[in-house]
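Using numbering that gives the first Met the number 0, the letters of the sequence shown correspond one by one to residues 0 to 332. The structure under discussion appears below in the form of structure tokens.
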Amino acid sequence: MQTATPELTREPYYKPFSRLMKELFGEPVYKVTLDAGFTCPNIDGTKATGGCTFCDNVSFSPALRNGSTGIAAQLEKGARFYREKFGARRFLAYFQAFTNTYAPIEKLRAMWDAALAHPDVCGISVGTRPDCVDAAKLQLLQTYADGSAAVWQQRLAAGTAPTKLPYVCIEYGMQTMHDATAERVNRAHTHAETVTAVELTRRHAPAAHLCLHLIAGLPGETPAMVRQSIAECARLRPDSIKFHHAYVYENTVMAAQFRAGEFTMFDLDTHVGLAADCIEAMAPGVCVERLVGELTDPGVIAPLWGKSKLQIYRLISDELRRRGTCQGARRQG
Ligand code: SF4
């Protein structure tokens, strides 16, 4: 095993998001998921139509979306829930729905300002596609990450900023390094575009935290192919990762393909092994934000493993204990 910090040699054997938040803010931080009303170039015809085959088509319907509710109102609703349930005091605004940099700069500035103006918000996470960023958008993000944006300066002056700098994260859906898989799931971007987005982010938003998403078990992929994507993801040196299993959501293109027998899904043991492989491949400082995808949403039709997220996280920790390894144990370089 390569070097490991003492924290990584204890359960859960990796650096979870809660530990990162504790390091930065000294207390738990809760993510409030937002729908800022964006769309996606993979839906509106700019790159493709129909979206990724695993994307929930029902949520394309404007009637079912939350985007017409303002950011401040969505934040306050989410914050109230976490305050009442967990006594939460600090929140991250998570721009999750659709492609959250797919808009002109002024709209992005207005969204990010609105989120960071909330007195209990200590940062933002922005989920997007790798082909939807450019230098100007990333330079704007950098002004939040380095604390120079007017909204954060005002919070500092008012004494409501918890720290000198907010947490600012951009999350890219890498999903796989295999372009043939990306094409099969109608992802409509290449892995080369992911590599370019990572390079652009490091150049133009060096203070921002960079997260990559991977999906294990997309149609046609073998465990060996997933391990190749894990190694490539580690090579790109993200600050955090979200690794989850492929799951089939009702009313998606993938659901029809699954029912037609066009592909099979990984079993639970395979996913647990791959999650452990992923943890071992990531450098010790990388935050492991997620290791499993959606399980209990009634819209999920497969896989039905009959376990809760907590149980699966335990199985992954058990596997690392059995192997006698931890995060970073098999990283390259
Ligand atoms: S990029 Fe995201 S929002 Fe767009 S179609 Fe794919 S999964 Fe859906």
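Where a beta carbon is used, it is the ideal one built from N, C-alpha and C, also for glycine.
Contact with chain C by residue i, beta-carbon distance below 8 Å
i: Arg9; result: Among the chains of the structure shown, chain C does not appear; only one protein chain is present.
Contact check, residue i vs residue j, beta carbons under 8 Å
i: Cys210; j: Glu170; result: yes
i: Phe37; j: Ala114; result: no
i: Ile214; j: Thr189; result: no
i: Asp276; j: Ile229; result: yes
i: Phe257; j: Ala301; result: yes
i: Leu74; j: Arg108; result: no
i: Leu294; j: Ser307; result: yes
i: Phe94; j: Gly49; result: no
i: Thr52; j: Val225; result: no
i: Ala144; j: Ala47; result: no
i: Arg128; j: Thr98; result: yes
i: Ala245; j: Leu217; result: yes
i: Asn41; j: Ala181; result: no
i: Gln141; j: His212; result: no
i: Thr348; j: Leu19; result: It is not possible to answer for residue 348, since the shown part of the chain is limited to 0 through 332.
i: Val287; j: Leu235; result: no
i: Cys54; j: Tyr101; result: no
Through-space distance from residue j to residue i, alpha-carbon basis
i: Leu303; j: Gly292; result: 12 Å
i: Phe90; j: Ala259; result: 43 Å
i: Ala149; j: Pro103; result: 19 Å
i: Cys232; j: Ala280; result: 9 Å
i: Lys136; j: Ile240; result: 22 Å
i: Thr195; j: Glu83; result: 42 Å
i: Gln152; j: His117; result: 13 Å
i: Asp268; j: Tyr248; result: 21 Å
i: Ser316; j: Pro283; result: 16 Å
i: Gly219; j: His270; result: 15 Å
i: Glu192; j: Asn250; result: 29 Å
i: Ser147; j: Thr200; result: 18 Å
i: Leu314; j: Gly272; result: 9 Å
i: Gly25; j: Thr45; result: 43 Å
i: Pro205; j: Pro237; result: 12 Å
i: Leu155; j: Arg320; result: 44 Å
i: Thr4; j: Glu318; result: 19 Å
i: Arg183; j: Pro297; result: 25 Å
i: His177; j: Thr221; result: 11 Å
i: Gly158; j: Thr68; result: 28 Å
i: Gln1; j: Gly323; result: Its pLDDT being 49, under 50, Gln1 is placed unreliably in this model, and the value from its coordinates should be taken loosely. Distance between the alpha carbons of Gln1 and Gly323: 12 Å.
i: Ala223; j: Ile278; result: 16 Å
i: Ala179; j: Asn185; result: 10 Å
i: Tyr81; j: Glu105; result: 30 Å
i: Asp34; j: Lys21; result: 26 Å
i: Leu309; j: Ala134; result: 39 Å
i: Gly86; j: Gln227; result: 42 Å
i: Arg9; j: Ser17; result: 15 Å
i: Gly305; j: Val299; result: 12 Å
i: Phe350; j: Asp43; result: Residue coverage of the chain in this structure runs from 0 to 332, which leaves residue 350 outside it and unanswerable.
i: His243; j: Ile70; result: 27 Å
i: Val285; j: Leu7; result: 11 Å
i: Ala160; j: Asp112; result: 14 Å
Exercise. Using 8 Å as the Cβ pair cut-off and three pairs as the minimum, do the region 29-36 and the region 165-175 touch?
Worked result: no
Problem set entry | Residues near the ligand SF4, criterion Cβ-heavy atom distance below 7 Å | Cys39, Asn41, Ile42, Gly50, Cys51, Phe53, Cys54, Phe97, Thr98, Arg128, Gly172, Arg186
Exercise. Three or more beta-carbon pairs under 8 Å between the region 320-329 and the region 12-26, yes or no?
Worked result: yes
Exercise. Do three or more CB pairs link the region 118-125 to the region 80-94 at distances below 8 Å?
Worked result: yes
Exercise. Considering only residues of the region 10-66, which uninterrupted beta strand (DSSP E) runs meet the minimum length of 3 residues and lie entirely inside it, listed in chain order?
Worked result: 28-33
Exercise. What residue ranges within the region 107-167 form continuous alpha helix (DSSP H) runs of no fewer than 4 residues, ordered along the chain?
Worked result: 134-144, 149-157
Problem set entry | 3-residue-minimum beta strand (DSSP E) runs that sit fully inside the region 197-225, ordered along the chain | 208-215
Exercise. Fully enclosed by the region 227-280, which beta strand (DSSP E) runs are 3 residues long or longer?
Worked result: 239-244
Exercise. Taking the runs of the alpha helix (DSSP H) that are 4 residues or longer, which of them lie wholly in the region 299-325?
Worked result: 308-322
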